Amino acid sequence: MNDKKIKWVFIGLPAVLLLMIVGAWGIHKIKSSNSGIPVFGKVTSFSFTERNAEPFGSNELSGKVSIVNFFFTTCEGPCPRMNARVAELYKYFSAAASVQFVSISVDPVRDSLQALGDYAARFGVNDRRWLFLRAPIDDVKSLSENVFMLAGGDMPSLHSTKLILVDEQNSIRGYYSSDDPKDLQLLKKHILVLVED
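Residues 1431 to 1627 (the numbering used here) make up the sequence shown, in order.
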């Protein structure tokens, strides 16, 4: 074997391997950016109606960190507790214009725009940082099950009580139990990471 081949084997091959490792690490870092917060999927196109009769959809998620949940206004079970947790986060992030909260009704038959407006008022919502949406039930089910990958059920009574974190690029970054204080602390931490990124 001549000197050039030996030099290539001992210097060139490790250099190529090192570049491959660094490249793979870089791709991994891009996919799981934001200090290791995973990416679970992407929010695809949807268009619902907000309590003030304005359209709200996936385009309005872009550019903001969003916390999404599913509820209905006449729920006497977990919804009031879940939205009380959302209200705490809403107040905590009151100075963060890049953070919004999106609550989607799973009972559009009873949850009229007026009912959503009244419900928002119960939680002291007087701006567009916490939005209350409605749409035909088939569209809501599709978004819940096919986009957010939440377990399906007979809506309105069976719906998820998870809070879902969506980043500024409409990527789903996490699912958090609205009943678990540790999960809520982790959600708060992840929101801060995404806002600062």
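Beta carbons: idealized from backbone N, C-alpha and C, even for Gly.
This one's a predicted model, so the numbers in the text were calculated from it and none came from an experiment.
Which whole-angstrom value describes the C-beta separation of F1562 and A1550, a residue pair presumed to lie in contact below a C-beta threshold of 8 Å? Contact flag correct, Cβ pair sits at about 5 Å.
Would you call G1507 buried or exposed, if buried means 16 or more other Cβ atoms sit within 10 Å of its Cβ? When all chains shown are included, G1507 counts as exposed.
Rounded to the nearest angstrom, what separates E1518 and R1559 at their Cα positions? Distance between the alpha carbons of E1518 and R1559 is about 13 Å.
I'd like the span of the alpha helix (DSSP H) that includes P1485, first residue to last. No alpha helix (DSSP H) holds P1485; the beta strand (DSSP E) holding it covers P1485 to G1487.
Can you check which of these residues, G1547, D1548, N1499 and R1515, is closest to V1536 by C-alpha distance? It is N1499.
Buried/exposed call for Y1520, threshold 16 Cβ in 10 Å: It is buried - the Cβ of Y1520 has at least 16 other Cβ atoms within 10 Å.
Cβ-Cβ separation, S1528 to V1516 (assumed contact under 8 Å), whole Å: With a Cβ gap of about 17 Å, V1516 and S1528 do not count as contacting.
For K1612, report the span of its alpha helix (DSSP H) as first-last. Counting along the chain, the alpha helix (DSSP H) containing K1612 begins and ends at P1611 to E1626.
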